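To start, the structure under review is shown below, and the notes come after it.
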Amino acid sequence: MEAKSLAQRILAVMHTVSCIQKSEKTVNGQYRFVSHDQVVGALRKPMIENGIITSVTVKGHTQEGNRTIADVDVTFMNADMPGDRMTIQCFGYGVDGSDKGPGKAVSYAVKYALLKTFCLE
Numbered sequence: 041m042e043a044k045s046l047a048q049r050i051l052a053v054m055h056t057v058s059c060i061q062k063s064e065k066t067v068n069g070q071y072r073f074v075s076h077d078q079v080v081g082a083l084r085k086p087m088i089e090n091g092i093i094t095s096v097t098v099k100g101h102t103q104e105g106n107r108t109i110a111d112v113d114v115t116f117m118n119a120d121m122p123g124d125r126m127t128i129q130c131f132g133y134g135v136d137g138s139d140k141g142p143g144k145a146v147s148y149a150v151k152y153a154l155l156k157t158f159c160l161e
């Protein structure tokens, strides 16, 4: 049996997960959103089943008051052929007055890398 390429594995996940519904939570009572945890929760099992591993590298970050901006690379790897990989460059914002800004910024960047890689609504 021929091993699947990373692109074929990503396509298989896209067949399994077509969209992620926005949560009932709102931001300031104005709009609903899809959280990082929802995205990871929807994609984790299909990614495992299709042999896709991710690695996150924070290339840098800046702090402007209570806003953190993180410059992040998310690398998708074929578990059977680790050299078969694709890196998505992204950035994220995290607004927090205490120590959670950097984590929020990284989570935001990873969430959008996942959403865009798998073409999710």
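To convert, count from 1 in the sequence shown and add 40; that's the numbering used here. Note that CB positions come from ideal geometry on N, CA and C, so glycine has one too. In this text, all values refer to a predicted model and were calculated from it rather than measured experimentally.
inquiry  = Measuring straight from C-alpha to C-alpha, what distance separates Thr102 and Val74?
reply    = 25 Å
Straight-line Cα distance separating Ile92 from Asp77 = 18 Å
query = Quick one: Cα of Leu83 to Cα of Asn106, how far?
reply = 31 Å
query = Which residues in the same chain have their Cβ closer than 6 Å to the Cβ of Thr56, if we skip the five residues on either side of it in sequence?
reply = Pro86
ask   = How long is the line joining the alpha carbons of Val98 and Ala43, rounded to whole angstroms?
value = 31 Å
query = Expressed to the nearest angstrom, what Euclidean distance is found between the alpha-carbon atoms of Gln61 and Asp124?
reply = 31 Å
ask   = Is Met54 helix, strand or coil by DSSP?
value = helix
key: Where Met126 falls: helix, strand or coil (DSSP)   = strand
inquiry  = Quick check on this structure: which residue in Met54, Thr127, Thr108, Arg72 has the alpha carbon closest to the alpha carbon of Lys144?
reply    = Thr108
request  = State buried or exposed for Ser147, treating a residue as buried only when at least 16 other CB atoms are found within 10 Å of its CB.
outcome  = buried
Burial state of Met117, where buried means 16 or more other Cβ atoms lie within 10 Å = buried
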